[in-house]
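Enquirer:
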Amino acid sequence: MNTILFVTDLYYPAKGRNYYEEDLFLTSRLREAFALTICHPQDIHAFEKNYDLIVIRNAGPVANFKDEYLSFRERVAANPYKTYNSFDGKGDMNGKDYLLQLTKEGYPVIPTIDDVKWIEKLPDAEAYISKPKDGADSIGLERVPSNELTSKLSAGEDRNILIQPFIDFEYEVSFYFIDHEFQYALYAPDKQKRWMLSEYVPTAEDWKFANRFIEWNNLAWGIQRVDACRTKQGELLLVELEDLNPYLSLLELQPDIRQMFIENLKHSLRKALQA
Numbered sequence: 001m002n003t004i005l006f007v008t009d010l011y012y013p014a015k016g017r018n019y020y021e022e023d024l025f026l027t028s029r030l031r032e033a034f035a036l037t038i039c040h041p042q043d044i045h046a047f048e049k050n051y052d053l054i055v056i057r058n059a060g061p062v063a064n065f066k067d068e069y070l071s072f073r074e075r076v077a078a079n080p081y082k083t084y085n086s087f088d089g090k091g092d093m094n095g096k097d098y099l100l101q102l103t104k105e106g107y108p109v110i111p112t113i114d115d116v117k118w119i120e121k122l123p124d125a126e127a128y129i130s131k132p133k134d135g136a137d138s139i140g141l142e143r144v145p146s147n148e149l150t151s152k153l154s155a156g157e158d159r160n161i162l163i164q165p166f167i168d169f170e171y172e173v174s175f176y177f178i179d180h181e182f183q184y185a186l187y188a189p190d191k192q193k194r195w196m197l198s199e200y201v202p203t204a205e206d207w208k209f210a211n212r213f214i215e216w217n218n219l220a221w222g223i224q225r226v227d228a229c230r231t232k233q234g235e236l237l238l239v240e241l242e243d244l245n246p247y248l249s250l251l252e253l254q255p256d257i258r259q260m261f262i263e264n265l266k267h268s269l270r271k272a273l274q275a
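Here is the structure:
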């Protein structure tokens, strides 16, 4: 039986979610097909050589263990370790610079810059959002009134932040994929309650929107979550492409959808092991 090192932080205090509930459920199902050990992200180095596949799940933002994460990435590049997700993604696993690239390339993404001197490249707004490039879960996010932008964010500072116009959207919606295959979608009808989710049935245009980012990322294998917001004008804009350890809201799904996802995940893990 293949062995899996399942990396998670069961006690990470996520807003509106209990990481441990999802990961305890997921590991209980994956044990049906694999020999599995749970490991904290700061302890990977002690176990990584002994497992067939290292699965990174709800470990929280890598900013909380940045040195260990970067060191692990270096060891993966230098050794025949297999990780899930694969480390060839272009999204959140490398920070959020990709939002700058997608903005420049004209993708339907919230317009993003990393230096206030480029503010003219963003649409006019009453307020702007600044957030760290290696952040997650709204850590470090700040809403800045337009008349305070230049005083709060000095031109040419360390450029470790992103600046976006504040968008008064209708709701947020997330599209979940295993490898390049769509699995399900969920949305937050009440935008003040991001993690109170309901099933969302995407239209053909919605699916085309989400799939465009999956094709752009071209991840070899793994779970991806495309997070978007629906603007007042009705269009979808990318918020982030989570391709390292996206929270799945598995326990919020209908049992048949959850079962389908688990079986598809097992199949994907077996493919990764054979690659």
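Taking this note's numbering, the leading residue of the sequence shown gets 1, the next gets one more, and so forth. Heads up, the beta-carbon is just placed ideally off N, CA and C, and yes, glycines get one too.
(1) Within 10 Å of its beta-carbon, does residue 156 have 16 or more other beta-carbons around it, so buried, or fewer, so exposed?
(2) Under the rule that 16 or more other beta-carbon atoms within 10 Å means buried, what is residue 175, buried or exposed?
(3) What's the call for residue 93, buried or exposed, on a 16-neighbour Cβ count within 10 Å?
(4) In the stretch 48 to 135, which residue ranges form an unbroken alpha helix (DSSP H) of at least 4 residues, counting only runs that do not cross its ends?
(5) Taking only the alpha-carbon atoms, compute the straight-line gap between residue 36 and residue 71 and give it to the nearest angstrom.
(6) What three-state label does DSSP hand residue 278 in the structure shown?
(7) Report the option in 196, 166, 57 and 14 whose CA atom is closest to the CA atom of residue 5.
(8) If we ignore side chains and look at the alpha-carbon of each, how far apart do residue 2 and residue 116 end up?
(9) Which stretch, first to last residue, makes up the alpha helix (DSSP H) that contains residue 30?
(10) Alpha carbons only, please: which of 219, 173, 192 and 189 is nearest the one belonging to residue 207?
(11) Whole angstroms are fine: how far does the CA of residue 125 sit from the CA of residue 68?
(12) From the DSSP output, read off the bridge partner residues of residue 150.
(13) With distance defined between alpha-carbon atoms, name the residue in 188, 231, 80 and 27 nearest to residue 274.
(14) Over what stretch of residues does the alpha helix (DSSP H) that includes residue 188 continue unbroken?
(15) May I ask you to report which of helix, strand or coil DSSP gives residue 263?
(16) Which residues mark the beginning and the end of the beta strand (DSSP E) in which residue 279 is found?
(17) I'd like to confirm the pairing. Which residues does DSSP put opposite residue 225 in its beta bridges?
Expert: The structure says:
(1) Reliability fails at residue 156, whose pLDDT of 47 lies under 50, so the model's placement of it is uncertain and no value is given.
(2) Residue 175 is classed as buried because its beta carbon has at least 16 other beta carbons within 10 Å across all chains shown.
(3) Counting the other Cβ atoms within 10 Å of the Cβ of residue 93 gives 16 or more, which makes it buried.
(4) For the stretch 48 to 135, whole alpha helix (DSSP H) runs of length 4 or above, ordered along the chain, are 66 to 78 and 98 to 104.
(5) Their Cα atoms are separated by approximately 23 Å.
(6) Residue numbering for the chain in the displayed model covers 1 to 275; residue 278 lies beyond these limits and cannot be assessed.
(7) Checking every option, the nearest Cα to that of residue 5 belongs to 57.
(8) Here the alpha carbon of residue 2 sits roughly 50 Å from the alpha carbon of residue 116.
(9) In the DSSP assignment, residue 30 falls within the alpha helix (DSSP H) that extends over 19 to 30.
(10) Among 219, 173, 192 and 189, the Cα nearest to that of residue 207 is on 173.
(11) One C-alpha to the other measures close to 38 Å.
(12) Here residue 150 is not bridged, per DSSP, to any residue.
(13) Among 188, 231, 80 and 27, the Cα nearest to that of residue 274 belongs to 80.
(14) Counting along the chain, residue 188 sits inside no alpha helix (DSSP H); it lies in the beta strand (DSSP E) bounded by residues 181 to 188.
(15) In the structure shown, residue 263 sits in a helix (DSSP, three-state: H, G or I).
(16) Limits of the chain in this structure are 1 at one end and 275 at the other, which puts residue 279 out of reach.
(17) BP columns for residue 225 point to 176 and 242.
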